[in-house]
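Trainee:
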Amino acid sequence: MVLDVETFVKLKQNIHNADQFIQLRSLRDQFQLSIQHNEQIFHKDSISTWNVHINEVHDAFITRTIELTEIRMVGEGQGPPPTAYSYLLLGSAGRHEQTMASDQDSALIFENEDNLEEIKEYFKLFASKIVANLIELGYPPCDGKVQSNEDLWCQSVEEWKKKLEAWYEDASWESIRYLLIVADARCIYGNDSLFLEVKAFYRECLAARPYILERMIENTVQHKMLLGVFGQFITDRYGEYMGSIDVKYGAYIPLVNCFRWLALSEGVTTTSTLERIEQLMQAGVLPEQELIAYRDAFEQMLSLRLMAGYEYVDGMYEGVSKLNPKRLEADEIKRLKKNLKLGRDLQRLVMKRYARRRTV
Amino acid sequence: MVKKTLLALGLISMIFPLAAYASEADLANLTIGLDSLWIMLAFILVLLMQGGFILLEAGSTRMKNAGHVAGKTIFTVALAALVYWAVGYGVAFGSGGGLNAFIGWGEFFFNPATEVLEGESFPSAVFFLFQLAFAAISLSIAWGGFAERAKLGSYIVFTLFYVSFIYPVVAHWIWGGGWLADHGAQDFAGSTVVHLSGAVAALVATILLKPRIGKFNKDGSPNEILGHNQVYTALSVLLLWVGWFGFNAGSTVAIGDGFFAYVGFTTMLAAGAGGVAALLISWAVSGKADITTMLNGVLAGLVAITASCAFVDPWAAVVIGLIAGVLVFYSVKMFEKLKVDDPIYALSVHGMAGIWGTIANGIFATQALADKVGVGQGGLIDTGSFKQLWVQIESVVFAGVFVAIASFIVLGIMKAVMGFRVTEEQEIVGLDLSEHGVYGYPEQLSKTEKA
Chain V
56 MVLDVETFVK LKQNIHNADQ FIQLRSLRDQ FQLSIQHNEQ IFHKDSISTW NVHINEVHDA
116 FITRTIELTE IRMVGEGQGP PPTAYSYLLL GSAGRHEQTM ASDQDSALIF ENEDNLEEIK
176 EYFKLFASKI VANLIELGYP PCDGKVQSNE DLWCQSVEEW KKKLEAWYED ASWESIRYLL
236 IVADARCIYG NDSLFLEVKA FYRECLAARP YILERMIENT VQHKMLLGVF GQFITDRYGE
296 YMGSIDVKYG AYIPLVNCFR WLALSEGVTT TSTLERIEQL MQAGVLPEQE LIAYRDAFEQ
356 MLSLRLMAGY EYVDGMYEGV SKLNPKRLEA DEIKRLKKNL KLGRDLQRLV MKRYARRRTV
Chain C
222 MVKKTLLALG LISMIFPLAA YASEADLANL TIGLDSLWIM LAFILVLLMQ GGFILLEAGS
282 TRMKNAGHVA GKTIFTVALA ALVYWAVGYG VAFGSGGGLN AFIGWGEFFF NPATEVLEGE
342 SFPSAVFFLF QLAFAAISLS IAWGGFAERA KLGSYIVFTL FYVSFIYPVV AHWIWGGGWL
402 ADHGAQDFAG STVVHLSGAV AALVATILLK PRIGKFNKDG SPNEILGHNQ VYTALSVLLL
462 WVGWFGFNAG STVAIGDGFF AYVGFTTMLA AGAGGVAALL ISWAVSGKAD ITTMLNGVLA
522 GLVAITASCA FVDPWAAVVI GLIAGVLVFY SVKMFEKLKV DDPIYALSVH GMAGIWGTIA
582 NGIFATQALA DKVGVGQGGL IDTGSFKQLW VQIESVVFAG VFVAIASFIV LGIMKAVMGF
642 RVTEEQEIVG LDLSEHGVYG YPEQLSKTEK A
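Going line by line, the protein sequences match chains V and C. Per the working numbering, numbering of the first sequence is gapless, rising by one per residue and ending at 415. Per the working numbering, numbering of the second sequence is gapless, rising by one per residue and ending at 672.
1. Quick check on V:L329 - is its C-beta less than 8 Å from some C-beta in chain C?
2. On the DSSP letters alone, give me the boundaries of the alpha helix (DSSP H) that V:R315 sits inside.
3. Identify each residue in the region 497 to 521 of chain C for which the Cβ-Cβ distance to at least one residue of chain V is less than 7 Å, and report them in chain order.
4. Return helix, strand or coil for C:Q665, following the three-state DSSP convention.
5. Check the C-beta distance from V:R360 over to V:I332 and give it rounded, since I have them as a contact under 8 Å.
6. Which partner residues of V:C242 appear in the DSSP bridge assignment?
7. For a test of the three-state rule: what should DSSP assign to V:M371, helix, strand or coil?
8. Give a yes or no on whether the C-beta atoms belonging to V:D239 and V:G149 are separated by under 8 Å.
9. Contact defined as beta carbons within less than 8 Å: I believe C:L652 pairs with C:V643. What is the distance between those atoms, to the nearest angstrom?
10. Does the beta-carbon distance from V:Q202 to V:V186 come in below 8 Å?
11. Between C:F641 and the ligand MG, is there a pair consisting of the residue's CB and a ligand heavy atom that are separated by less than 7 Å?
12. Check for me: the alpha helix (DSSP H) holding V:C260 runs from which residue to which?
13. Whose Cβ in chain V lies nearer than 8 Å to the Cβ of C:S442?
14. Quick one: grab the DSSP three-state call for V:R399.
15. According to a CB-to-CB cut-off of less than 9 Å, which residues of the region 270 to 288 of chain V neighbour chain C?
16. Look at C:Q690 and C:G640 and say whether their C-beta atoms are less than 8 Å apart.
17. Chain V partners of C:N438, CB-CB under 8 Å?
18. Give a yes or no on whether the minimum CB-CB distance between C:E445 and chain V is below 8 Å.
19. Buried or exposed for V:D59, going by 16 or more other Cβ atoms inside 10 Å?
20. Less than 8 Å between the beta carbons of C:E445 and V:G298, yes or no?
21. Starting from the C-beta of V:M56, find all residues in its chain whose C-beta is less than 7 Å away, skip the five residues before and the five after it, and write them out in chain order.
22. Between which two residues does the alpha helix (DSSP H) holding V:Q202 run?
23. Of all the options C:L548, C:G599, C:I626, which has the alpha carbon lying nearest to the alpha carbon of C:Q613?
24. Just curious, the alpha helix (DSSP H) that C:I362 is in, first and last residue?
25. V:M329 by DSSP, collapsed to three states: which one?
26. Can you tell me where the beta strand (DSSP E) with V:Q443 in it begins and where it stops?
27. So, is V:E273 buried or exposed, given that buried needs 16 or more other C-beta atoms within 10 angstroms?
28. Out of curiosity, what's the CA-to-CA distance linking C:S442 and V:Y296?
29. By DSSP's criteria, V:L378 is part of a beta bridge. Which residues make up the other side?
30. Looking at V:I121 and V:E354, is the spacing between their C-beta atoms short of 8 Å?
31. Can at least three beta-carbon pairs, one atom from the region 310 to 319 of chain V and one from the region 391 to 407 of chain V, be found at a separation below 8 Å?
32. Which term fits C:V553, buried or exposed, when burial requires 16 or more other beta carbons within 10 angstroms of its beta carbon?
33. Residues in the same chain with beta-carbon distance under 7 Å from V:A348, minus the five sequence neighbours each way, listed in chain order, please.
34. Measuring alpha carbon to alpha carbon, tell me which of V:Q78, V:T325, V:A156, V:K303 ends up nearest V:E373.
35. Looking at C-beta atoms only, is the number of pairs between the region 298 to 316 of chain C and the region 325 to 338 of chain C that lie closer than 8 Å three or more?
36. Since V:K494 contacts V:G286 with CB under 8 Å, what's their CB separation in whole angstroms?
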């Protein structure tokens, strides 16, 4: 398969028309295979376009899986969904930043009804079937159990609100972690308005408790940019990935976290990091002359994430976060070091910014 | 107040009439007694360092080998005592024989006088004990190369040869009036004699044994085999650090004019500098302040200052320690790159730092202190002369090569004749079970064994 815009359009069409999971699986395998041999595209300036294409394909797979699962539920005698619902993607999928092999981070919101338990039972069954079918398609389940079939992440609008409020009140490390996860949520399927209601509530709660932003800082800057004091990469010292840098946690996630925090503190509601950067510039939070530098940094992280690739484990595509700098050309290495420094400066800026807010 | 003081003085002179009205002969006796006690104390401190080695090696290796590691250390010290008494001491310090420049001869099955003899400043038995403790330390350093995969039998065989011949020959060259001593080699308490010798034997052993199962991947990249108890490792360093004052300060073998305190002082500075430098360099280079590296840094500082503790100014002791701390960090990386498995970092801590410490003398030794100790001369910085530096390099090279060849012959023959390494199965089960039949941590491990 040659990768061009037309291919993506056709692929998405095929996904949309598939009515068996086995068909979806074979389309997924084709997709993986075709990208595998196109590593060079990740170096190009057009990375953000590729990122959009790749994420649209994943979205198509997930959407079609939910649709087919809904149909199967009827076929199996479970009936149609008893209420409206929103199926949410969190994590990198929520930010439109999936690699070729992201795991499942998802949640589900359904309407408030009197027979809550019955409804919940339906949606938990529904969600677990969606999760299982996505596993069939090669999407690994979430290690952290942030998944639509888990009790915590499959709840009614009212329960969601209560839970969010409780997290805000509690403000423990774990609660803050959940709040930051929810900050990247988007609705991929179902009734968007349920999600928008919960999201509006999330922002109200935050507006009422600006101090929570301070608690969020700790989590936001917890991952250090993997650049040593001598300007060297900090690499794995042992094991399979010896000499590699962790591009996910040592480069990409720190940037994501900083822009998420800035977005939350400035009321920017979009979830994609590149859009967050754009809007933060427009809001005058980040100096405009740095727009290009931040964009470049983030796009490089996206491309390196794709370069790091994935492994095929037990029939699933599992992302690899480690990348050996030896695979990079000299100017790419130089660029990465510059961008890691930029990320470190950004982390400092976030911390300073909070200090300033507090004194105002 | 004055009354009280006078009263106290009066009482003291009643209790210690000798001290108050000592004759010259009594004073000499007192000096001999104090010196002997000091050496005895130093011997006890150095012997106690074996406790440090038990914790160091056990902490740095896996649970399944813990009992074996601890037990074999005690056992080989026991065996070393007999071997050193029968043969080793005579090779190191025997003064007879026509080849005195290369090997000592005499005093086998050492039978010391029961008291101080005319012209001696301490009983020879206490000197024997002190020297035996050094030999046992060097032996325990060598075990670093054996760790987690050598047969128990090979420990026995190697002890026989190392304590009777290999170690004593080097000790003779530098401390027993051998040819390096004639050249003026400075190794106050054994950076070369004790530490480098042990480390070279460890190197030969680890090369002949090959790495532990799972240490290196097929592509040659190393895996980290974590030790099972970092608290043990930290405690081991404290024990060794304390013991080191017996090692270095005790090597004055006299109370004398109080020079032993100065030796302890430089020792302390270098140890501190080694730990600080190692922590900082690991932090700067790998992004994490690595505890194992820091602990190795303290030990490397101690090993390095062992040769030079009596020869250098305080500032130089700090520099020697700092460099040792950085050196040990890069040395560990280097051995891993060379695919040499060094489970308890003996090659880096005792080998590289031992070499550095010995050579450092040629750079930092001062003329005044060299005169005071009466060995060699000042180093490059103080005198501008390369002579001492050359002598130091010479002792490192010759001692290193001798120990390497001798160990290679002993271990190579042993490997061919009786086998050196346990079987793969035994190694996986652990030496506790394969060599001794019981686990060091029975409750922890028997469950997994059944499962």
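For every residue, glycine included, the Cβ atom is placed at its ideal position computed from N, Cα and C.
Mentor: According to the structure data:
1. Here residue 329 of chain V refers to the residue found at position 274 when the first sequence is read from its first residue. No, no contact with chain C.
2. Within the first sequence, the letter at position 260 stands for residue 315 of chain V. Its alpha helix (DSSP H) spans residues 308 to 321.
3. A505, V506, S507, G508
4. Numbered from its first residue, the second sequence carries residue 665 of chain C at position 444. The answer is helix: DSSP assigns C:Q665 an H, G or I state.
5. Here residue 360 of chain V is taken as the residue at index 305 of the first sequence, counted from 1. Here residue 332 of chain V is taken as the residue at index 277 of the first sequence, counted from 1. Contact doesn't hold; Cβ gap of about 17 Å is too wide.
6. The count along the first sequence starts at 1 and reaches residue 242 of chain V at position 187. Note: V:C242 sits in a beta bridge opposite V:L143.
7. For the purposes of this step, residue 371 of chain V is taken as residue 316 along the first sequence, with counting starting at 1. V:M371: strand per DSSP, three-state reduction.
8. Counting from 1 along the first sequence, the entry for residue 239 of chain V is found at position 184. Counting from 1 along the first sequence, the entry for residue 149 of chain V is found at position 94. Yes, they are a contact pair.
9. On the second sequence, residue 652 of chain C is found 431 positions in, with the first residue counted as 1. On the second sequence, residue 643 of chain C is found 422 positions in, with the first residue counted as 1. Between C:V643 and C:L652 the Cβ distance is about 7 Å, and since that is below 8 Å, they are a contact.
10. Mapped onto the first sequence, residue 202 of chain V falls at position 147. Mapped onto the first sequence, residue 186 of chain V falls at position 131. In this structure, V:V186 lies closer than 8 Å to V:Q202 by Cβ.
11. The ligand MG is absent from the structure shown, which contains no ligand whatsoever.
12. The count along the first sequence starts at 1 and reaches residue 260 of chain V at position 205. First-last of the alpha helix (DSSP H) with V:C260: 247 to 263.
13. Taking the first residue of the second sequence as position 1, residue 442 of chain C is located at position 221. Within chain V, the residues near C:S442 are Y293, G294, E295, M297, G298.
14. Locating residue 399 of chain V in the first sequence gives position 344, counting from the first residue. Three-state DSSP puts V:R399 in a helix.
15. K279, L281, L282, G283, V284, F285, Q287
16. No statement about residue 690 of chain C is possible, as the shown extent of chain C runs from 222 to 672 and does not include it.
17. To locate residue 438 of chain C, count along the second sequence from 1; it is residue 217. Simply G294, E295.
18. By 1-based counting over the second sequence, the position of residue 445 of chain C is 224. It does; some Cβ of chain V falls within 8 Å.
19. What you label residue 59 of chain V is simply residue 4 of the first sequence in a count that begins at 1. V:D59 is exposed by the Cβ-count criterion.
20. Along the second sequence, one-based indexing puts residue 445 of chain C at 224. Along the first sequence, one-based indexing puts residue 298 of chain V at 243. No, the pair does not count as a contact, with Cβ atoms beyond the cut-off.
21. Taking the first residue of the first sequence as 1, we reach residue 56 of chain V at position 1. Below a pLDDT of 50, predicted positions are generally treated as unreliable, and V:M56, at 47, falls in that range; the measurement from the model is reported next regardless. Excluding residues within five positions, the ones whose Cβ falls inside 7 Å are T62, Q85, S89.
22. Numbered from its first residue, the first sequence carries residue 202 of chain V at position 147. Looking at the DSSP string, V:Q202 is not in any alpha helix (DSSP H), and its letter there is neither H nor E.
23. Start at 1 with the first residue of the second sequence, and residue 613 of chain C comes out as number 392. Of C:L548, C:G599, C:I626, the residue nearest in Cα terms is C:G599.
24. For the purposes of this step, residue 362 of chain C is identified with residue 141 of the second sequence, where counting begins at 1. Note, C:I362: alpha helix (DSSP H), 345 to 363.
25. On the first sequence, position 274 is the one that residue 329 of chain V refers to. Before going further, note that residue 329 of chain V is Leu rather than Met in the sequence given. Note: V:L329 maps to helix in three-state DSSP.
26. The structure shown has nothing for residue 443 of chain V, since chain V only spans 56 to 415.
27. Counted from its first residue, the first sequence places residue 273 of chain V at position 218. It counts as exposed.
28. Position 221 of the second sequence, counted from the start, is the residue given in the question as residue 442 of chain C. Position 241 of the first sequence, counted from the start, is the residue given in the question as residue 296 of chain V. Approximately 8 Å between the Cα atoms of the pair.
29. Along the first sequence, one-based indexing puts residue 378 of chain V at 323. Answer by DSSP bridge pairing, in chain order: V:I300.
30. For this step, residue 354 of chain V is matched to residue 299 along the first sequence. For this step, residue 121 of chain V is matched to residue 66 along the first sequence. Contact: no.
31. yes
32. To locate residue 553 of chain C, count along the second sequence from 1; it is residue 332. Classification for C:V553: buried.
33. As a first step, residue 348 of chain V must be located in the first sequence, where it is residue number 293. Cβ neighbours of V:A348 beyond the five flanking positions: L397.
34. Start at 1 with the first residue of the first sequence, and residue 373 of chain V comes out as number 318. Answer by Cα proximity: V:A156.
35. yes
36. With chain V covering 56 to 415 only, the question about residue 494 of chain V has no answer from this structure.
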